[in-house]
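Written out below as structure tokens is the structure these notes cover.
In my numbering, the protein residues as written are 1 to 161.
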């Protein structure tokens, strides 16, 4: 079984500014610091480019697996697109054969004063475990997008994640 869920949020900052957060490890640092679902986000390997591996540790009490590794599998600077896949633990322990997160930063308007951040989860799940599809939720990515939007709008040159 294959599925996809997505969310879009308009942010009143230039796409280049949003991409400077989403296209780098800065988003991970912001999430670890400000998003209550993560107990820890640790860099296992890499420098933020394709092939980078992060260990995500979820706080106790959150439904599902409490730890996973994700790998950045695609970063397209021109299209402002970044994809990562769970490569160990997490949803893979729950019968998923694919769990991919994609962030796209889309320029809005001709004056580049705003952009749209599109967050997407794509997944594949063994048919015999189809009931686990209820565990897939875009809610955490919606909250991350709101957190990032607040950070970007309030951002000054003194912010250093």
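Each residue gets a CB set at the ideal place from its N, CA and C atoms; glycine is no exception.
Worksheet item: Do you know how far the Cα of residue 73 is from the Cα of residue 79?
Response: Within the chain shown, the letter at position 79 stands for residue 79. Within the chain shown, the letter at position 73 stands for residue 73. Rounded to whole angstroms, residue 79 to residue 73 spans 15 Å at the Cα level.
Worksheet item: Which class does residue 111 belong to by DSSP, given the choice of helix, strand or coil?
Response: On the chain shown, position 111 is the one that residue 111 refers to. In this structure, residue 111 counts as coil in the three-state DSSP scheme.
Discussion item. Taking its Cβ as the centre, do 16 or more other Cβ atoms sit within 10 Å of residue 21, making it buried, or is it exposed?
Written reply: By one-based count along the chain shown, residue 21 stands at place 21. Residue 21 should be labelled buried.
Item to complete: Can you give me the start and stop residues for the beta strand (DSSP E) that residue 166 sits inside?
Response: No answer is possible for residue 166: it lies beyond the span of the chain, which begins at 1 and ends at 161.
Worksheet item: In this structure, does DSSP put residue 19 in helix, strand or coil?
Response: To locate residue 19, count along the chain shown from 1; it is residue 19. DSSP places residue 19 in helix when its eight states are reduced to three.
Worksheet item: CB residue 119 to CB residue 135, shorter than 7 Å?
Response: As a working note, residue 119 is residue 119 in the chain shown. As a working note, residue 135 is residue 135 in the chain shown. Contact flag unset, no.
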